[in-house]
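Sequence positions in the sequence shown follow my numbering and run 188 to 318.
For every residue, glycine included, the Cβ atom is placed at its ideal position computed from N, Cα and C.
Below you'll find the structure, written out as structure tokens, and then a few comments.
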Amino acid sequence: FPSHECDVIIGEVNHKKRQQIIDNFQVNQNRILFMNILTGSVGIDGLQNVCSNMVFYEIPWRWSGIEQAVSRLERDGQKFNINVFFLLALNTIDMKMWDLVLQKRKITDAVNRGEDFDNVKYLSLLLNSYL
């Protein structure tokens with residue numbers, strides 16, 4: 188995408204510039220904003236006012252990274268259903284990472300929420316049915 192059509196927030200963008208990008212995203216015509224998971228999942232507020240779609244083009248090492256990023260849209264002020272998409276290519280490291288993150292999530296859910304592994308199988312089955 189041409190740089191005049193979208194902004195990018197990565198680690199080297201300082202906090203002041205990040206907030207300026209978010210503020211501009213809320214009022215300008217640029218409807219695409221690229222962020223990597225580490226920089227886009229914390230310290231970002233205001234997206235819920237203008238955005239309800241999120242596309243992951245990378246898979247983090249922990250499910251909590253996904254939850255943190257999605258929570259940027261799941262805030263007071265969100266007026267629409269949130270759509271989250273994952274760009275995963277079959278037979279690549281993406282799928283291996285996806286499987287790894289789902290397995291780690293199952294273990295974390297079982298420990299933190301007292302859930303049985305069988306109760307979270309639906310997530311894998313549901314997501315894998317679309318791949």
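With a beta-carbon spacing of about 15 Å, Val229 and Met241 fall beyond the 8 Å limit used to define contacts. Under the three-state reduction of DSSP, Asp210 is assigned to helix. Inclusion of Ser239 and Phe267 in the CB contact set at 8 Å is warranted, their separation being smaller than that value.
For the pair Asp281 and Ile246, the CB atoms are nearer than the 8 Å cut-off. Taking the C-beta atoms as reference points, Ile231 is found nearer than 8 Å to Arg259. Inter-residue distance for Asn201 and Asn278 is about 36 Å (C-alpha atoms, whole angstroms).
With respect to the C-alpha of Val195, the residue from Gly264, Asn215, Gly227 having the closest C-alpha is Gly227.
Leaving aside the five residues that flank Glu261 on each side, the residues in its chain whose CB is nearer than 8 Å to its CB run, in chain order, Gln235, Ile269. Beta-bridge analysis with DSSP links Met222 to Ile196. For Thr295, same chain residues with a beta-carbon under 7 Å away, outside a window of 5 residues either side, are Trp250 in chain order. Counting other Cβ atoms within 10 Å of its Cβ, Phe212 reaches 16 or more and is therefore classed as buried.
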